[in-house]
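Heads up: the structure comes next, in structure tokens.
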Amino acid sequence: MDGEVVTGANMENACYRLGLCAEQSALTTAQHAFGLDRVARIAVAGGDGSGGALKGGAPVTPCGGCRQAILEAAHLSNRDIEILASNGDGTALERLKISEFIPNGFGPANLKDAE
Ligand SMILES: [Zn+2]
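Written out as structure tokens, the structure is:
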């Protein structure tokens with residue numbers, strides 16, 4: 002683990018379901034930069050940006066699809082990936098593990114029974 006950092010951003014699309022979350026964007030970048038098996042933590046931040054700068058509020062956490070993607074990266078690394086969840090202005094921060102978001106996760110190992 003060398004502390005390399007990659008970033009991601011939400012990619013909005015007029016057809017909403019074709020958008021891409023920042024977490025999955027960052028995981029894709031990590032995959033190409035050093036491999037998903039080396040991901041140790043993911044930081045997410047978000048909030049109301051209508052005034053030009055993000056505002057406070059509650060910390061933003063990954064959506065269900067991103068939680069699954071993070072869980073599968075955790076399975077590859079044998080690491081309980083840490084998620085740093087912040088609100089828009091950084092005044093509230095939560096540190097959680099992916100196992101706390103998905104305590105009984107479903108991953109590739111579960112598919113082995115179907116082979
Ligand atoms: Zn998401």
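Quick note on this note's numbering: the sequence shown kicks off at 2 and runs consecutively. Don't be surprised by glycine CBs; every beta carbon is placed ideally from N, CA and C.
Using DSSP bridges, identify the partner residues of ALA59.
ALA59 is not bridged to any residue.
Between which two residues does the beta strand (DSSP E) holding LEU94 run?
94 to 98
Are the stretch 3 to 11 and the stretch 53 to 66 touching by the rule of at least three beta carbon pairs closer than 8 angstroms?
no
Between PRO60 and ligand 1, is the CB less than 7 angstroms from at least one heavy atom?
no
Close-in-space but distant-in-sequence residues of the same chain around ARG68 (CB under 6 angstroms, 5 per side omitted):
PHE102 and ILE103
Shortest alpha-carbon distance to VAL7 belongs to which of LEU19, LEU21, ALA27 and ALA15?
ALA27
Does any heavy atom of ligand 1 sit closer than 7 angstroms to the C-beta of GLY66?
yes
Whole angstroms is fine: what's the gap from PHE35's alpha carbon to ASP114's?
30 angstroms
Hey, how far is the Cα of GLY89 from the Cα of ALA46?
6 angstroms
Which residue or residues does DSSP assign as beta-bridge partners of SER78?
Paired residues: none, contrary to the question.
Residue nearest to LEU97 in terms of C-alpha spacing, selected from LEU72, LEU19 and GLN25:
LEU72
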